[in-house]
Amino acid sequence: RIQILFELMGEIDCNIQSVTEVLHAASSGEIRRVKEAEAAIATLELRPMYHPILAEISITSDASVTLKRMAAICLKNGVTKFWRSTAPNSLVSTDKDLIKQAVLRSYVEDNKEVFSQLLEVAAKISRHDFPRNWTNCIPTLLEVISTGTDHNQQLRALMLLYKIIKTLSTKRLSGDKQSFREVTSEFCAGQTKNVVSKSKR
Numbered sequence: 007r008i009q010i011l012f013e014l015m016g017e018i019d020c021n022i023q024s025v026t027e028v029l030h031a032a033s034s035g036e037i038r039r040v041k042e043a044e045a046a047i048a049t050l051e052l053r054p055m056y057h058p059i060l061a062e063i064s065i066t067s068d069a070s071v072t073l074k075r076m077a078a079i080c081l082k083n084g085v086t087k088f089w090r091s092t093a094p095n096s097l098v099s100t101d102k103d104l105i106k107q108a109v110l111r112s113y114v115e116d117n118k119e120v121f122s123q124l125l126e127v128a129a130k131i132s133r134h135d136f137p138r139n140w141t142n143c144i145p146t147l148l149e150v151i152s153t154g155t156d157h158n159q160q161l162r163a164l165m166l167l168y169k170i171i172k173t174l175s176t177k178r179l180s181g182d183k184q185s186f187r188e189v190t191s192e193f194c195a196g197q198t199k200n201v202v203s204k205s206k207r
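To convert, take the position in the sequence shown, counting from 1, and add 6; that gives this note's numbering.
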């Protein structure tokens with residue numbers, strides 16, 4: 007079936023069904039199917055919407071853990087290869103926006119292996135896009151941490167925030183360092199205000 011899918015790849019849409027079938031084959035452990043799937047992925051990864059679909063499968067779908075982990079790994083690899091605007095076949099801005107929206111919801115994923123891959127995706131994106139092209143990243147996570155009702159999700163949101171801030175702290179350009187100082191200053195000020203507010207209740 008995957009061979010037929012690969013032969014028709016130039017004619018079919020990149021949708022969640024076709025991507026799911028390829029990921030199933032890639033994780034099957036059968037040498038022939040894995041090789042066919044790898045060839046199909048090499049074609050799909052150049053298509054618009056492929057990487058947002060991977061994000062959707064890895065974060066919010068009812069797929070098996072094996073499939074979600076494979077989707078998260080493929081997403082991480084795609085971000086590494088295609089996120090920079092100067093990269094050959096770089097991701098279009100609409101795909102990037104969808105991926106960033108999905109990554110900011112990744113705290114809902116409770117499997118540690120899948121979530122660890124998504125942490126790496128968040129770190130890679132933040133290194134390229136924060137703060138200019140991902141201004142809502144830290145505020146969104148802080149909102150989840152401070153107002154969420156699910157303790158485990160709050161903890162994972164905190165892990166996301168820590169991973170992103172740790173990544174930003176290693177950037178070397180003076181402009182990036184200044185942005186990092188501003189972000190951490192605002193973060194500390196906000197947290198202090200929250201503590202003071204709670205202590206007065």
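Cβ coordinates follow ideal geometry from the N, Cα and C atoms, glycine included.
*So Thr-26 is in the alpha helix (DSSP H); what residue range does that whole segment cover?*
Residue 26 sits at position 20 when you count from the first residue of the sequence shown. Per DSSP, Thr-26 belongs to the alpha helix (DSSP H) from 22-32.
*Expressed to the nearest angstrom, what Euclidean distance is found between the alpha-carbon atoms of Gln-23 and Leu-148?*
Working through the sequence shown from its first residue, we reach residue 23 at position 17. Working through the sequence shown from its first residue, we reach residue 148 at position 142. C-alpha separation (whole angstroms): 34 Å.
*Alpha carbon of Ile-151 to alpha carbon of Glu-126, nearest angstrom*: In the sequence shown, the residue the question calls residue 151 occupies position 145. In the sequence shown, the residue the question calls residue 126 occupies position 120. Between Ile-151 and Glu-126, the C-alpha separation is close to 20 Å.
*asked:* If the criterion is Cβ atoms closer than 8 Å, does the pair Ala-6 and Leu-124 meet it?
replied: This structure cannot speak to residue 6, because the chain is shown only from 7 to 207.
*asked:* Since Ala-93 and Lys-87 should fall inside the 8 Å C-beta cutoff, what is the C-beta to C-beta distance between them, to a whole number of angstroms?
replied: Position 87 of the sequence shown, counted from the start, is the residue given in the question as residue 93. Position 81 of the sequence shown, counted from the start, is the residue given in the question as residue 87. The Cβ separation is near 7 Å, so the contact holds.
*Rounded to a whole number of angstroms, what is the C-alpha to C-alpha distance between Lys-49 and Ala-43?*
What you label residue 49 is simply residue 43 of the sequence shown in a count that begins at 1. What you label residue 43 is simply residue 37 of the sequence shown in a count that begins at 1. The sequence given here places Thr at residue 49; Lys does not occur at that position. If I take the Cα positions, the gap works out to 10 Å.
_Tell me which residue opens and which closes the alpha helix (DSSP H) that Ser-122 is part of._
By 1-based counting over the sequence shown, the position of residue 122 is 116. 118-135 is the span of the alpha helix (DSSP H), which, as asked, contains Ser-122.
_Where Val-25 falls, given that 16 or more other Cβ within 10 Å makes a residue buried_ = For the purposes of this step, residue 25 is taken as residue 19 along the sequence shown, with counting starting at 1. Val-25 should be labelled buried.
*Among Thr-155, Ser-96, Thr-66, Thr-146, the one whose alpha carbon lies nearest that of Ile-170*: The residue labelled residue 170 in the question sits at position 164 within the sequence shown. Looking at the Cα atoms, Thr-146 is the closest of the given residues.
_8 Å Cβ cutoff met for Val-85 and Lys-130_ = Indexing the sequence shown from 1 puts residue 85 at position 79. Indexing the sequence shown from 1 puts residue 130 at position 124. Yes, the Cβ-Cβ distance between Val-85 and Lys-130 is below 8 Å.
*In whole angstroms, what is the alpha-carbon distance linking Phe-136 and Arg-90?*
Counted from its first residue, the sequence shown places residue 136 at position 130. Counted from its first residue, the sequence shown places residue 90 at position 84. Cα to Cα, Phe-136 sits roughly 13 Å from Arg-90.
*Three-state secondary structure (DSSP) at Arg-39?*
Numbered from its first residue, the sequence shown carries residue 39 at position 33. It is helical.
*Could you name the residues of the same chain whose beta carbon sits closer than 7 Å to that of Met-165, not counting the 5 residues immediately before and after it, in chain order?*
Counted from its first residue, the sequence shown places residue 165 at position 159. Cβ neighbours of Met-165 beyond the five flanking positions: Leu-125.
*asked:* Rounded to whole angstroms, what is the Cα-Cα separation between Leu-174 and His-134?
replied: Within the sequence shown, residue 174 is the residue found at index 168, counting from 1. Within the sequence shown, residue 134 is the residue found at index 128, counting from 1. When rounded, the distance between both Cα atoms is 10 Å.
*Taking only beta-carbon positions, decide if Ser-112 is within less than 8 Å of chain C.*
Here there is only one protein chain, and chain C is not present.
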